[in-house]
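Worksheet: the structure to be examined is printed underneath.
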Amino acid sequence: MTTEHATARINPWAVAQQQFDLAAEKLGLDAGMRAVLREPRREFTVHFPVHMDDGSVRVFTGYRVQHNLGRGPAKGGIRYHQDVSIDEVKALAMWMTWKCAVVGIPYGGGKGGVIVDPKQLSMRELEALTRRFFTEIEVLVGPEKDIPAPDVNTNAQVMAWMMDTYSMHAGYTVPGVVTGKPISLGGSEGRNEATARGTVYCIVEAARHLGIELKKAKVAVQGFGNAGSIAAQLIVAEGSTVVAVSDSTGGIHNPNGLDVNKVIAWKKEHGTVQGFPGATDIGNEQVLEVECEILIPAALENQITERNADKVKARLIAEAANGPTTPEADRILWKKSKFMIPDILCNAGGVTVSYFEWVQDLNRDHWSEEIVNAKLKEIMVKAFTSVLAIARREQCDMRTAAYLLAVERVADAMAMRGLYP
Ligand code: GLU
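Quick note on numbering: the sequence shown equals residues 3 to 423 in this note's numbering.
This is how it looks when you write it as structure tokens:
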């Protein structure tokens, strides 16, 4: 999804540290605390072999990073993507620390990734890669230590293999070791939709604040995976019109609206959203620039940069993806009075329902979807309201406000624990 020149030039870890520095400065964080929070606690790299279907052995590289454990065990997804790098995983782990703090769930931040294009693997190869990778990172993970979850190109099936691998080694079933599992294995109702649902709860709040009428709003969605495709469905349920969507192969546009369910069926059949009847094929970048009120980046990092930020037409930007906007772009958007719902708030619904799943697993309990969604809404609305209040008080953008809230919570926890030994 990321354009090649964008990934080549912009390092997500540098972006994450810049965002943190800004908040640390504003909070007047002392130098020691700043130095601690600026780096990940643990970075783990593994190179591991997998038997391929053609009889060969291929060695893959993967990572698990734990940024901070001050508020609880590490939490965060594992992504499979050909562009994964240690710096990307470090950034994603740091963002998880802030995300869990913004919504007030008792976790630190972690993230994992394997350098692989899973679309090139057979199911058997994908399972073998997953089981071996999870075995390699088992020294770090566990229901009290570090709890992985789905991310880009990983899903409930992959989580089931991870849970099974861990459980086989333990000798008994340990559902709480990963979240985002199938419902039949201790997964939570509503987890699959949670990232998108949380995003839409935020959009509803922001639209009310901005006076945007959702029933008249046009929406563009970049990325059509778990977050993007479900966000598109849920925003249509709010009465909005989705005019453009894209996936890693490109985008489509119809100013009169796209039938989202039909686009989902089209993509399932053709492997791409492009060529959808009645729509014009457009490039991935153009999706960010179409005429609309609401833009939902739901793909990868570094999509809105200083190169295209002033071309964004939407008044409201809701980051379902992690890290889609660079700090330079943030400044441009802020000057143009755009309202940004930052990733660490906007897409926190996923990890929030992961937390519910973990709580259910540890208690051998199962909640209804109504209960899950009601609890999710309460947490998202509360977080949104708190961040908006800080933005108004400090006269700053919503990302800075979310960072102020999150970094302060983490720094408080760290200070109360004190430095060991
Ligand atoms: N990968 C998701 C995220 O970026 C979910 C993480 C989780 O559920 O632990 O927030």
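All C-beta atoms in this analysis are idealised placements derived from N, C-alpha and C, irrespective of residue type, glycine included.
- As for any alpha helix (DSSP H) of minimum length 4 sitting wholly inside the stretch 14-62, the runs are 14-29 and 33-39, ordered along the chain.
- Between ligand 1 and T181, a heavy atom-to-CB distance of less than 7 Å is present.
- Taking the Cβ of P75 as the reference point, every heavy atom of ligand 1 lies at 7 Å or farther away.
- Ligand 1 never approaches K121 closely enough for any of its heavy atoms to be under 7 Å from the residue's Cβ.
- With contact defined as three or more Cβ pairs closer than 8 Å, the stretch 392-403 and the stretch 210-226 are not in contact.
- The DSSP assignment places complete alpha helix (DSSP H) segments of no fewer than 4 residues inside the stretch 53-124 at 88-104, in order along the chain.
- A distance criterion of 7 Å places the beta-carbon of A233 beyond contact range of ligand 1, judged by its closest non-hydrogen atom.
- Taken through DSSP and simplified to helix, strand or coil, K147 comes out as coil.
- Judged by beta-carbon spacing, I306 lies beyond the 8 Å limit of L318, meaning their Cβ atoms are not closer than that value.
- Here I205 has A320 as same chain residues with Cβ atoms under 6 Å from its own Cβ, once five neighbours each way along the sequence are excluded.
- A residue is called buried once 16 or more other Cβ atoms fall within 10 Å of its Cβ, and E303 is buried on that count.
- Remark: the shortest separation between the CB of N286 and any heavy atom of ligand 1 does not fall under 7 Å.
- Going by DSSP, Q224 is part of the beta strand (DSSP E) stretching over K220 to Q224.
- Contact between F46 and Y65 holds, since their C-beta atoms are separated by about 7 Å, short of 8 Å.
- Relative to ligand 1, the beta carbon of K101 is positioned inside 7 Å of a heavy atom.
- A distance of 8 Å or more separates the beta carbons of G178 and A158.
- Rounded to whole angstroms, P75 and H69 show a C-alpha spacing of 11 Å.
- Inclusion of V141 and G115 in the CB contact set at 8 Å is not warranted, their separation being larger than that value.
- For T282, the enclosing beta strand (DSSP E) stretches over residues T282 to I284.
- Contact between A301 and A323 is confirmed by a C-beta separation of about 5 Å, below the 8 Å threshold.
- When the alpha-carbon of V355 is set against those of G192, S370 and S58, the nearest one is in G192.
- Secondary structure note for G230: its alpha helix (DSSP H) is the uninterrupted segment N228 to A239.
- Note that the stretch 406-416 does not touch the stretch 233-253; fewer than 3 beta-carbon pairs, one per stretch, sit closer than 8 Å.
- Contact between the stretch 364-384 and the stretch 81-88 is absent: fewer than three C-beta pairs spanning the two stretches fall below 8 Å.
- S356 has its CB nearer than 7 Å to a heavy atom of ligand 1.
- The shortest CA-to-CA distance from I392 to any of R333, W15 and L29 is the one to L29.
- Within the DSSP bridge table, the entry for I381 names no partner.
- For H368, there is no enclosing beta strand (DSSP E), as DSSP marks it with neither H nor E.
- Between T282 and H255, the gap from beta carbon to beta carbon is short of 8 Å.
- Within 7 Å of the C-beta of N155 there is not a single heavy atom belonging to ligand 1.
- With a cutoff of 8 Å on beta-carbon distance, A95 and K113 are scored as near each other.
- For M400, the Cβ stays outside the 7 Å cut-off from all heavy atoms of ligand 1.
- The secondary-structure analysis by DSSP pairs T327 across a beta bridge with I306.
- The criterion of a C-beta distance shorter than 8 Å is satisfied by L24 and T402.
- A Cβ-Cβ contact shorter than 8 Å links Y82 with N155.
- Beta-bridge partners of I214 (DSSP): none assigned.
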